[in-house]
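Peer 1: Protein chains in written order, with my numbering: chain A, 581 to 873; chain B, 13 to 261; chain C, 10 to 269.
Cβ atoms here follow ideal geometry from the backbone N, Cα and C, with glycine treated the same way.
In this text, all values refer to a predicted model and were calculated from it rather than measured experimentally.
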Amino acid sequence: MSAASEPPVTVPAPPAVRTGPQTFLARARRSPTLMVGLAMTLLLLLSAVFAPWLAPFDPSAQNLTGGLLPPSAEHLLGTDQLGRDVLSRILFAGRTDLRIAFLAAIVPFVVGVLLGLVSGYFGGTLDYLIGRLVDTVIAFPFYVIVISIVFAVGTGEGGIYVAFALVGWVGYTRVVRATTTALRGSGWVAAARGGGLSHGRVILRHLLPNILPQAVVLLMTEIILIMVAVVTLGYLGLGVQAPTPDWGTMIHDGQAFITTKWWLSALPGLAVIYTGISLSLVGDGLGDAWRVR
Amino acid sequence: MSSLEVRNATIAYGRSVAVTDVSLTVPAGASLGIVGESGSGKTTIAAALVGMLPLVTGEILLDGAVLGATRTKPQRRAIQLVQQDPYSSLNPRMTVRQMLRELLLAHSIVPRSQVAARCAQLMAMVSLDPGSLDAFPHQFSGGQRQRIAIARALAVEPSVLVADEPTSALDVSVQATVIELLARLKQELSLTLVFISHDLAVVNAVCDTVAVVKSGALVEVAPREQFFRAPQSPYSRALLEAVPRLPTR
Amino acid sequence: MMATDQAIRVRDLVLSARVPVVNGISFDVARGEAVGIVGESGSGKSLTLRSIISLLPTGVTQTAGSITVQGRVGMVFQDPLTALDPLMPVGRQVAAASRFARGTGRKAARARALELFEQVRLPDPVAKLGAYPHQLSGGQRQRVVVALALATDPEILLCDEPTTALDVTVQKQVLELLGQLREKLGLSMVFVSHDLAVVSAVCTRLIVMRDGQIVETGDTLAVLTAPQHPYTQKLLGAVLALPVLGTPAPIPPSPGNGAV
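#1: Give the residues of chain A in contact with residue 198 of chain B, contact being defined as C-beta atoms less than 7 Å apart.
#2: Around the Cβ of residue 534 of chain A, are there at least 16 other Cβ atoms within 10 angstroms (buried) or fewer (exposed)?
#3: Have a look at residue 126 of chain B and residue 617 of chain A and give me their C-alpha separation to the nearest angstrom.
#4: Just to confirm my understanding: we take residue 147 of chain C, look at its own chain, exclude 5 residues before and 5 after, and list those with CB closer than 8 Å. What are they?
#5: For a cutoff of 7 Å on Cβ pairs, would you count residue 178 of chain B as touching chain C?
#6: From C:26, C:12, C:34, pick the residue whose C-alpha is nearest to that of residue 219 of chain C; which is it?
#7: In angstroms with no decimal places, state the Cα-to-Cα distance between residue 199 of chain C and residue 58 of chain C.
#8: Any contact of the segment 207–218 of chain C with the segment 251–259 of chain B, i.e. 3+ C-beta pairs under 8 Å?
#9: Residue 202 of chain B and residue 52 of chain B look like a contact to me (Cβ under 8 Å); what is the Cβ gap, rounded to whole Å?
#10: I'd like to check one pair, residue 639 of chain A with residue 609 of chain A: are the Cβ atoms closer than 7 Å?
#11: Using beta carbons (cut-off 7 Å, strictly below), is residue 267 of chain C in contact with chain B?
#12: Verify the CB distance criterion: does residue 784 of chain A have a CB-CB separation below 7 Å to chain B?
#13: Could you confirm whether any beta carbon from chain B is found closer than 7 Å to the beta carbon of residue 798 of chain A?
#14: What residue from A:662, A:655, A:654 has the CA that sits closest to residue 644 of chain A's CA?
#15: For residue 597 of chain A, does the three-state DSSP call read helix, strand or coil?
#16: Between the alpha carbons of residue 678 of chain A and residue 708 of chain A, how many angstroms are there, rounded?
#17: Which class does residue 166 of chain C belong to by DSSP, given the choice of helix, strand or coil?
#18: Against chain B, does residue 870 of chain A count as a neighbour if the rule is that its beta carbon must be under 7 Å from one of theirs?
#19: Does any C-beta atom of chain B lie closer than 7 Å to the C-beta of residue 220 of chain C?
#20: Please identify, using Cβ separations under 7 Å, the residues of the segment 767–779 of chain A that lie next to chain B, in order along the chain.
#21: Taking CB distances under 7 Å as the criterion, tell me whether residue 176 of chain C reaches chain B.
#22: What does DSSP give as the partner residues of residue 92 of chain B in its beta bridges?
#23: Whole-angstrom Cβ separation of residue 194 of chain B and residue 175 of chain B, contact assumed at under 8 Å?
#24: Taking residue 91 of chain C as part of the alpha helix (DSSP H), name the residues at either end of that continuous run.
#25: Alpha carbon to alpha carbon, how far is residue 134 of chain C from residue 869 of chain A? Give it in angstroms, no decimals.
#26: In whole angstroms, what separates the C-alpha of residue 74 of chain C from that of residue 169 of chain C?
#27: For residue 177 of chain B, which of B:168, B:169, B:161 has the nearest alpha-carbon?
#28: In or out: residue 833 of chain A buried (at least 16 other Cβ within 10 Å) or exposed?
#29: Quick check on residue 784 of chain A: buried or exposed, where buried means 16 or more other Cβ atoms within 10 Å of its Cβ?
#30: Pick helix, strand or coil for residue 815 of chain A, following the three-state DSSP scheme.
#31: Can you pull the chain A residues whose beta carbon is under 8 Å from the beta carbon of residue 259 of chain B, in chain order?
#32: By the three-class DSSP mapping on this structure, what secondary structure does residue 236 of chain C have?
#33: Which ranges would you report for the alpha helix (DSSP H) in the segment 71–157 of chain C if only whole runs of at least 4 residues count?
#34: Classify residue 4 of chain B as helix, strand or coil using the three-state DSSP reduction.
#35: Using 8 Å for Cβ pairs, my map puts residue 279 of chain B next to residue 119 of chain B. What's the rounded Cβ distance?
#36: List the endpoints of the continuous alpha helix (DSSP H) containing residue 718 of chain A.
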């Protein structure tokens with residue numbers, strides 16, 4: 581006696597165990613971390629984009645007689661030692677620093693993820709060589725390398741981009757390589773190859789989407805690190821040069837007045853912290869939303 | 013449909029030899045069941061048949077032509093595998109449609125304009141609702157996933173289908189339907205089928221020839237009826253006697 | 010109040026993990042009886058078994074009903090690889106269980122472990138006392154797991170798919186062993202499996218579960234030959250038939266055989 585064929589089934593017949601939202605967007609909406617993070621980041625980005633319209637004054641406009649003024653109706657956050665409006669400078673500095681941080685994050689991300697994929701997928705000599713390269717770069721303290729490169733290439737934006745392109749990819753490679761190696765043995769990878777698909781196709785179309793969530797979460801952290809490095813370089817006078825406003829140089833300049841006009845250094849510092857928190861929340865939230873099952 | 017032949021194959025995992033000097037013939041359109049207990053080497057044979065494992069010595073022939081160590085794209089297409097575990101054989105981040113579409117285009121099975129229609133056809137072939145083409149694997153049950161795996165294997169229009177314990181991970185009631193599906197497809201599509209299993213009842217339902225392996229060596233090959241009625245080797249007999257059977261009146 | 014000839018009594022048992030996974034089941038196991046619980050995945054059969062000794066996984070709790078057990082319980086687990094400590098010789102594991110149950114000293118416990126190994130027909134039992142789980146075959150490991158269950162001198166044996174992970178020839182031996190032990194020691198048994206044929210080899214009474222409920226129960230032969238519930242019929246229908254095995258042909262006399 582044979583059983584009747586199973587009739588065509590409409591999906592999703594929800595399997596008993598799985599509760600919770602099934603799509604990425606549904607999970608995303610339910611993550612308070614992601615929602616708050618996105619709201620904060622949106623605010624940040626909007627203030628950076630619309631800085632020219634939001635800022636009450638020209639950030640470079642000096643007024644030597646009106647220097648070091650406390651917060652007032654006219655200057656909501658006061659003025660710095662050269663009479664420049666602090667609020668305007670913070671907004672424009674954010675514009676600069678965010679732009680540099682986001683741009684500088686791109687090349688390391690792409691290079692790091694690709695090297696990680698290739699390393700984990702092919703293994704063998706290639707993996708070994710890339711691994712040794714990673715070990716070499718990691719052996720040097722981060723800031724030592726970055727500062728050396730900036731000295732070599734020259735201060736300012738250019739130096740920052742080169743420095744991170746050369747050094748920033750390592751974090752992604754390690755993480756992506758580990759995950760790729762683990763996924764390499766999966767049934768679906770074997771099935772893709774068995775189906776006649778090329779290595780390139782398997783890596784980019786099959787493996788990449790599975791490691792991308794992890795890599796993007798890491799990206800958020802890396803942007804924060806780059807941001808902090810940009811600010812640090814600015815503080816040391818090696819980053820963005822005057823008169824372009826930059827949170828780092830603002831913190832440096834305000835140092836001399838730390839006991840009396842503490843807000844000159846503290847406010848740019850808070851801006852950096854705010855950026856860090858928003859991006860961190862977005863990273864965590866994305867992790868929540870991407871977790872399938 | 014194609015004929016498949018294995019000649020004196022020895023297969024190893026790294027240093028340890030798993031299969032020694034095995035020879036098998038599967039005529040075009042026939043179905044061979046390879047039976048064995050754990051560690052017998054039957055899964056190793058399946059992996060070698062589809063080209064996942066290289067042979068140490070010996071050769072595998074498709075329609076009389078020897079398959080080299082690295083297979084060409086048409087050769088890989090010709091022999092397809094249905095894996096045992098439906099929970100790891102489907103890419104969790106691809107919809108069913110994407111999986112099928114990719115294969116259809118990679119081998120130019122149908123022109124681009126007909127891809128959607130062919131995807132729906134493949135789903136219908138394995139008795140799944142074409143409306144669920146855009147769902148992800150985790151939204152399906154184990155039995156349904158295995159059907160998707162079968163649809164994927166069939167998408168490239170292979171001439172040989174190797175099924176490695178395709179129902180072992182499934183519930184009993186679902187097993188029967190998947191077995192029935194495979195038997196029907198073999199008939200309708202004139203496939204040559206190689207069916208790996210530890211379950212003799214399943215092999216009886218699908219295969220016309222039975223090969224028994226033990227510790228990497230071939231113990232017996234016989235036509236189905238003869239094998240189940242009067243097995244030649246003591247090991248085969250021991251296997252058959254050990255299967256618990258339902259009591260009858 | 011439970012009758013003295015009852016080993017286990019379950020009444021209106023409800024197990025929940027956010028939603029009920031076992032939804033109000035009741036059954037009895039008489040002393041010396043072997044009851045089989047069959048069902049597919051998600052039926053709740055394993056959870057029911059584990060609830061008898063309160064061995065529920067985290068997240069699952071008994072929210073209603075009662076379980077009364079009369080007698081000591083031993084449990085035979087499905088996967089010997091996870092049931093045995095990989096870093097301890099098997100003899101020591103069984104001896105430890107025996108010491109815990111009987112409170113004897115180390116020497117007596119070791120002797121008892123040897124006795125148990127002999128009882129479960131472990132080949133070369135003395136040598137096996139010092140062996141590690143990975144040094145044993147699957148069948149031998151499962152015999153050790155049975156010995157472990159017996160080390161506590163149980164009156165009731167709970168078996169959770171004890172042969173599912175085993176080869177068919179080994180399965181046959183372990184099932185025979187369980188049957189013999191049950192007779193010899195007068196054990197009551199609850200045997201959970203998804204395999205109807207396996208259960209019918211060991212149990213005199215069957216309980217069929219689906220989605221957390223009992224759909225049918227009765228004598229093994231009655232349930233398997235004349236199932237009442239459509240689900241039972243469906244399960245039976247799905248079992249693939251195996252042709253009847255012919256008896257082996259008599260070995261023809263060969264020269265020098267001495268046959269006359």
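Peer 2: Looking at the coordinates:
#1: Locating residue 198 of chain B in the second sequence gives position 186, where the first residue counts as 1. Chain A residues near residue 198 of chain B: none, gap ~15 Å exceeds 7 Å.
#2: Coverage of chain A is limited to positions 581 through 873, which leaves residue 534 of chain A absent and any answer about it impossible.
#3: If you number the second sequence from 1, residue 126 of chain B lands on position 114. If you number the first sequence from 1, residue 617 of chain A lands on position 37. Straight through space, the alpha carbons of residue 617 of chain A and residue 126 of chain B are spaced by roughly 44 Å.
#4: Taking the third sequence and counting its residues from 1, the one referred to as residue 147 of chain C is at position 138. If we look at residue 147 of chain C and ignore the five residues flanking it on each side, its Cβ neighbours are 89, 174, 175, 176, 179.
#5: By one-based count along the second sequence, residue 178 of chain B stands at place 166. With its beta carbon at least 7 Å from every one in chain C, residue 178 of chain B lies outside the interface.
#6: Locating residue 219 of chain C in the third sequence gives position 210, where the first residue counts as 1. Of C:26, C:12, C:34, the residue nearest in Cα terms is C:34.
#7: Along the third sequence, one-based indexing puts residue 199 of chain C at 190. Along the third sequence, one-based indexing puts residue 58 of chain C at 49. Each residue's Cα considered, the two are about 8 Å apart.
#8: Verdict: yes, contact present.
#9: As a first step, residue 202 of chain B must be located in the second sequence, where it is residue number 190. As a first step, residue 52 of chain B must be located in the second sequence, where it is residue number 40. About 29 Å; that fails the 8 Å criterion.
#10: The residue given as residue 609 of chain A occupies position 29 in the first sequence. The residue given as residue 639 of chain A occupies position 59 in the first sequence. No, the Cβ-Cβ distance between residue 609 of chain A and residue 639 of chain A is not below 7 Å.
#11: Here the question's residue 267 of chain C lines up with position 258 in the third sequence. Here residue 267 of chain C scores only 46 on pLDDT, less than 50, and its place in the model should not be relied on; the value that follows carries that caveat. No, residue 267 of chain C lies away from the interface with chain B (no Cβ there is under 7 Å from its Cβ).
#12: What you label residue 784 of chain A is simply residue 204 of the first sequence in a count that begins at 1. Closer than 7 Å: no.
#13: Here the question's residue 798 of chain A lines up with position 218 in the first sequence. Judged by the 7 Å Cβ criterion, residue 798 of chain A is not in contact with chain B.
#14: Along the first sequence, read from residue 1 onward, the residue named residue 644 of chain A stands at position 64. Checked all of A:662, A:655, A:654; the closest Cα to residue 644 of chain A is A:662.
#15: Working through the first sequence from its first residue, we reach residue 597 of chain A at position 17. Model confidence at residue 597 of chain A stands at a pLDDT of 36, short of 50, so the residue's coordinates are unreliable; what they give is reported in the following sentence. Residue state, collapsed to three classes: coil.
#16: Taking the first residue of the first sequence as position 1, residue 678 of chain A is located at position 98. Taking the first residue of the first sequence as position 1, residue 708 of chain A is located at position 128. Distance between the alpha carbons of residue 678 of chain A and residue 708 of chain A: 36 Å.
#17: If you number the third sequence from 1, residue 166 of chain C lands on position 157. Reduced to three states, the DSSP call for residue 166 of chain C is strand.
#18: As a first step, residue 870 of chain A must be located in the first sequence, where it is residue number 290. So, not an interface residue.
#19: The residue you call residue 220 of chain C lines up with position 211 of the third sequence. It does not: the Cβ of residue 220 of chain C has no partner Cβ on chain B nearer than 7 Å.
#20: Per Cβ criterion, the list reads 767, 768, 770, 771, 774, 775, 776, 777.
#21: Looking up residue 176 of chain C in the third sequence gives position 167. True, the Cβ-Cβ gap to chain B drops below 7 Å.
#22: As a working note, residue 92 of chain B is residue 80 in the second sequence. Answer is B:173.
#23: Residue mapping note: residue 194 of chain B aligns to position 182 of the second sequence, counting from 1. Residue mapping note: residue 175 of chain B aligns to position 163 of the second sequence, counting from 1. About 6 Å separates the two Cβ atoms, so the contact holds.
#24: Numbered from 1 along the third sequence, position 82 holds the residue referred to as residue 91 of chain C. In the DSSP assignment, residue 91 of chain C falls within the alpha helix (DSSP H) that extends over 89–92.
#25: Here the question's residue 869 of chain A lines up with position 289 in the first sequence. Here the question's residue 134 of chain C lines up with position 125 in the third sequence. So the alpha carbons of these two residues sit roughly 55 Å apart.
#26: One-based indexing of the third sequence puts residue 74 of chain C at position 65. One-based indexing of the third sequence puts residue 169 of chain C at position 160. Rounded to whole angstroms, residue 74 of chain C to residue 169 of chain C spans 22 Å at the Cα level.
#27: Residue numbering aside, residue 177 of chain B sits at position 165 when the second sequence is read from its first letter. Taking only the C-alpha atoms, the option nearest residue 177 of chain B is B:161.
#28: As a working note, residue 833 of chain A is residue 253 in the first sequence. Residue 833 of chain A comes out buried.
#29: Stepping through the first sequence from its first residue, residue 784 of chain A is reached at position 204. Flag for residue 784 of chain A reads exposed.
#30: Locating residue 815 of chain A in the first sequence gives position 235, counting from the first residue. DSSP places residue 815 of chain A within a helical segment (H, G or I) once states are collapsed to three.
#31: The count along the second sequence starts at 1 and reaches residue 259 of chain B at position 247. Within chain A, no residue comes near residue 259 of chain B; the closest Cβ sits about 16 Å away, beyond 8 Å.
#32: Here residue 236 of chain C corresponds to residue number 227 of the third sequence, with the count starting at 1. Residue 236 of chain C falls in the coil class under three-state DSSP.
#33: 89–92, 99–111, 115–128, 134–137
#34: There is simply no residue 4 of chain B to check, as chain B begins at 13 and stops at 261 in what is shown.
#35: The structure shown does not extend to residue 279 of chain B, since chain B is modelled only from 13 through 261, so no value can be given for it.
#36: By one-based count along the first sequence, residue 718 of chain A stands at place 138. Per DSSP, residue 718 of chain A belongs to the alpha helix (DSSP H) from 704–719.
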